[in-house]
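Trainee: Residue numbers (my numbering): 14 to 348.
Each residue gets a CB set at the ideal place from its N, CA and C atoms; glycine is no exception.
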Amino acid sequence: MAQTSVDRPLRVEHGSLFLYYCFDVGEEILLEKIEHIFGEAPTTSHLVVERLTPAYVQYRRPPLLIELGSIALSAHYAPAVCRAKLYDFGVISIVFKLPLQGELKDLIGVATELVGNPKVYQRAREQLQRLQSALAPGIVQASHSEEVEWEDYAIFSIEQFERPLSAQQLLSEYGSEIAKILRCEIEPLSASELSEAIRQPLSYYEDELALIDWNAAFLYDPRQSYDVPDVLEYAVAMLLELRTYDALLDRVLDRAYDDLEKKPSILTLRPFAAIIDYLSEVKLDVSEVIDKVTNSLKLIGDPYLARVYNVAATRFGLSAWQASVRQKLATVESL
């Protein structure tokens, strides 16, 4: 009979928790201008900017990475390394990286305490506000709202357990614990919820595993490559943009319907023309941004990463969001 996690606890020797907070800060970020801004910054600045050009992906415009130093998120954990990634389509991703060590079951407590924690979100907002003031000249049509649109996500990435394990062993012996980590739940999950949380496991090598859920992902990768986290981060940014512009189109259409229902007269012909011009402008702007987002990343010669992205897209409902945006753009076109 196979041993269960209760019979044989599993220790994590080395791992990391990545907490992602993606913010929509404007219509576009002029990356070349940002590089120029930081190129003229004082040498005492601890911000480090670099272009991300990994071989496994092809960015239409490679994002910029800005190192932000160490930040304390909780008295119970070591300080997190913080960095920001800037995408040209108007998204800044604030990421906290914390070390993980201890028994696998202890990560359930880590998940329930840190994932979705309002205090951690506030730390991300503080870093965002710090960046926005410095990057303002390079952000086109910046979002001035105090409550910018955002999405969060967590990745538990394990590099080494106390003993070698295959993906099959990890799932069969510790699947219930991993499911509770993904769902941030201390109490035992129902059989259906457990199955849903760990469905569609992905592996390229026998000793690695990727489990992607809607709220978090669990990665076991002894080689500690960053390709899968990068693809997942991009998918979260894409979800944010689709959701943001879907909501924008809702507001635009509501306003247009209200204006068009007003009784026309000679005095209101010019305002009606202005409404149509405004709708045309919005349609063009939204179409350009969505095109930029969906074509920003190309996965070159790596079917495994393509599968990772496809599973994430399914979990995040990207197809439904894309269909909703297309339908509303068509409605704008018809007015």
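Just the C-alpha distance for His59 and Ala336, rounded to the nearest angstrom, thanks.
Mentor: On the sequence shown, position 46 is the one that residue 59 refers to. On the sequence shown, position 323 is the one that residue 336 refers to. In this predicted model, His59 has a pLDDT of only 40, less than 50, meaning its place in the structure is not dependable; the value taken from the coordinates is given anyway. Those two C-alpha atoms are separated by around 43 Å.
Trainee: Within 10 angstroms of the Cβ of Arg196, are there 16 or more other Cβ atoms? Answer buried if so, exposed if not.
Mentor: To locate residue 196, count along the sequence shown from 1; it is residue 183. The residue is buried, with at least 16 neighbouring Cβ atoms inside 10 Å.
Trainee: How big is the Cα-Cα spacing for Leu342 and Phe329?
Mentor: Position 329 of the sequence shown, counting from 1, holds the residue named residue 342. Position 316 of the sequence shown, counting from 1, holds the residue named residue 329. Whole-angstrom Cα-Cα distance: 21 Å.
Trainee: Assuming Val104 and Leu253 make a contact with CB atoms under 8 Å, what is their CB distance in whole Å?
Mentor: As a first step, residue 104 must be located in the sequence shown, where it is residue number 91. As a first step, residue 253 must be located in the sequence shown, where it is residue number 240. Contact flag correct, Cβ pair sits at about 6 Å.
Trainee: Just to confirm my understanding: we take Ser332, look at its own chain, exclude 5 residues before and 5 after, and list those with CB closer than 8 Å. What are they?
Mentor: Your numbering for residue 332 matches position 319 in the sequence shown. Answer for Ser332: Ala326, listed in chain order.
Trainee: By Cβ distance, which residues of its chain are closer than 7 Å to Cys35, with the 5 residues on each side in sequence left out?
Mentor: Position 22 of the sequence shown holds residue 35. Result list for Cys35: Val104, Ser106, Trp163, Glu164, Val249, Ala250 and Leu253, in chain order.
Trainee: Quick check: the region 145 to 153 against the region 220 to 232, are at least 3 beta-carbon pairs closer than 8 Å?
Mentor: No, they do not touch.
Trainee: Is it buried or exposed, Leu224, if we count other Cβ atoms within 10 angstroms and call 16 or more buried?
Mentor: As a first step, residue 224 is located in the sequence shown; it is residue number 211 there, counting from the start. Looking at its Cβ environment, which holds 16 or more other Cβ atoms inside 10 Å, Leu224 is buried.
Trainee: Between the Cα of Ile6 and those of Arg212, Ser216, Leu117 and Ala91, spot the shortest distance and give me the residue it belongs to.
Mentor: The structure shown does not extend to residue 6, since the chain spans only 14 to 348, so no value can be given for it.
Trainee: Answer yes or no: do Val108 and Tyr187 have a C-beta to C-beta separation smaller than 8 Å?
Mentor: Residue 108 sits at position 95 when you count from the first residue of the sequence shown. Residue 187 sits at position 174 when you count from the first residue of the sequence shown. Not a contact, by the Cβ cut-off of 8 Å.
Trainee: Let me check one thing: in DSSP terms, what residues is Ser106 bridge-paired to?
Mentor: Here residue 106 is taken as the residue at index 93 of the sequence shown, counted from 1. Beta-bridge pairing links Ser106 to Cys35 and Lys98.
Trainee: Based on Cα-Cα distance, which residue from Asp243, Ser185 and Val123 lies nearest to Tyr322?
Mentor: Position 309 of the sequence shown, counted from the first residue, corresponds to residue 322. With distances taken between Cα atoms, Tyr322 lies closest to Asp243.
Trainee: What is the residue span of the beta strand (DSSP E) that Ala229 lies within?
Mentor: The count along the sequence shown starts at 1 and reaches residue 229 at position 216. From DSSP, the beta strand (DSSP E) with Ala229 extends over Ala229 to Tyr233.
Trainee: Put Arg24 into one of helix, strand or coil per three-state DSSP.
Mentor: Here residue 24 is taken as the residue at index 11 of the sequence shown, counted from 1. It is a strand residue.
Trainee: Looking at Phe31 and Ile168, is the spacing between their C-beta atoms short of 8 Å?
Mentor: Translated into the one-based positions of the sequence shown, residue 168 becomes position 155. Translated into the one-based positions of the sequence shown, residue 31 becomes position 18. In contact: Ile168 and Phe31 (Cβ atoms closer than 8 Å).
Trainee: Which residue wins for smallest C-alpha separation from Val241, given the options Asp37, Arg320, Pro112 and Thr125?
Mentor: What you label residue 241 is simply residue 228 of the sequence shown in a count that begins at 1. When each option's Cα is compared against that of Val241, the closest is Arg320.
Trainee: Ala383 lies in the alpha helix (DSSP H); which residues open and close that run?
Mentor: This structure cannot settle anything about residue 383, because the visible part of the chain is limited to 14 through 348.
Trainee: Can you tell me which residues form a DSSP beta bridge with Pro112?
Mentor: Mapped onto the sequence shown, residue 112 falls at position 99. Beta-bridge pairing links Pro112 to Ser29.
Trainee: Evaluate the contact criterion for the region 175 to 194 versus the region 282 to 301: three or more CB pairs, one atom per stretch, below 8 Å.
Mentor: The region 175 to 194 vs the region 282 to 301: no contact.
Trainee: Look at the alpha carbon of Ile352 and the alpha carbon of Asp298, and state the distance between them as a whole number of angstroms.
Mentor: Since the first residue of the chain shown is 14 and the last is 348, residue 352 is not available in this structure.
Trainee: DSSP state of Phe329, grouped into three classes?
Mentor: Position 316 of the sequence shown, counted from the first residue, corresponds to residue 329. Residue state, collapsed to three classes: helix.
Trainee: Got a sec, what are the start and stop residues for the alpha helix (DSSP H) Leu375 sits in?
Mentor: An answer regarding residue 375 cannot be provided, because it is not within the stretch 14 to 348 covered by the chain.
Trainee: Return yes when the Cβ of Val161 is within less than 8 Å of the Cβ of Asp37, no when it is not.
Mentor: Position 24 of the sequence shown, counting from 1, holds the residue named residue 37. Position 148 of the sequence shown, counting from 1, holds the residue named residue 161. Result yes, Cβ atoms of Asp37 and Val161 sit closer than 8 Å.
Trainee: Check whether the Cβ atoms of Gln142 and Ala97 lie closer than 8 Å to each other.
Mentor: Within the sequence shown, residue 142 is the residue found at index 129, counting from 1. Within the sequence shown, residue 97 is the residue found at index 84, counting from 1. Cβ atoms of Gln142 and Ala97: not closer than 8 Å.
Trainee: With 16 other CB atoms within 10 Å as the buried threshold, where does Ala229 fall?
Mentor: Taking the sequence shown and counting its residues from 1, the one referred to as residue 229 is at position 216. Under this definition Ala229 is a buried residue.
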